[in-house]
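Note sheet for the following structure.
In our numbering, the protein residues as written are 5 to 48.
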(Lines of atoms letter the chains of each structure in order from A and count residues from 1; the text may use other names and numbers.)
(Lines give C-alpha, C1' and ligand atoms only; values in the text may rest on other atoms or scores of the structure.)
Protein backbone atom coordinates (compact mmCIF):
# COMPACT_ATOMS: atom_id res chain seq x y z
CA UNK A 1 0.00 0.00 0.00
CA UNK A 2 1.01 3.59 -0.60
CA UNK A 3 1.86 5.42 2.60
CA UNK A 4 3.00 8.99 3.17
CA UNK A 5 4.85 9.75 6.38
CA UNK A 6 5.70 13.20 7.63
CA UNK A 7 8.47 13.93 10.11
CA UNK A 8 8.13 17.14 12.03
CA UNK A 9 11.81 17.73 12.70
CA UNK A 10 12.70 18.54 16.27
CA UNK A 11 9.23 17.73 17.57
CA UNK A 12 8.10 14.81 19.66
CA UNK A 13 4.82 12.96 20.06
CA UNK A 14 2.05 15.29 21.17
CA UNK A 15 3.18 18.40 19.27
CA UNK A 16 -0.43 19.11 18.28
CA UNK A 17 -1.93 18.71 21.74
CA UNK A 18 -4.28 21.52 22.73
CA UNK A 19 -2.55 22.05 26.07
CA UNK A 20 0.95 21.70 27.39
CA UNK A 21 4.49 22.68 26.62
CA UNK A 22 4.94 20.37 23.63
CA UNK A 23 2.53 22.27 21.36
CA UNK A 24 3.92 23.69 18.15
CA UNK A 25 1.26 25.90 16.60
CA UNK A 26 2.93 25.97 13.19
CA UNK A 27 3.38 22.19 12.99
CA UNK A 28 -0.10 21.52 14.39
CA UNK A 29 -1.69 23.71 11.72
CA UNK A 30 0.33 22.01 8.99
CA UNK A 31 -0.66 18.56 10.27
CA UNK A 32 -4.34 19.61 10.41
CA UNK A 33 -4.11 20.92 6.84
CA UNK A 34 -2.55 17.70 5.61
CA UNK A 35 -5.19 15.62 7.36
CA UNK A 36 -8.00 17.70 5.88
CA UNK A 37 -6.52 17.42 2.39
CA UNK A 38 -6.18 13.65 2.77
CA UNK A 39 -9.82 13.30 3.85
CA UNK A 40 -10.99 15.48 0.96
CA UNK A 41 -8.98 13.49 -1.56
CA UNK A 42 -9.78 10.00 -0.30
CA UNK A 43 -13.12 10.20 1.52
CA UNK A 44 -15.13 12.88 -0.25
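Glycine included, every Cβ here is placed at the ideal spot set by N, Cα and C.
For residue 44, the uninterrupted alpha helix (DSSP H) segment begins and ends at 29 to 47.
A distance below 6 Å between beta-carbons, with the five flanking residues on each side excluded, links residue 35 to the following residues of its chain, in chain order: 20. Distance between residue 46 and residue 24, taken at the CA atoms: about 32 Å. Looking at the backbone, the Cα of residue 18 and that of residue 28 are separated by about 9 Å.
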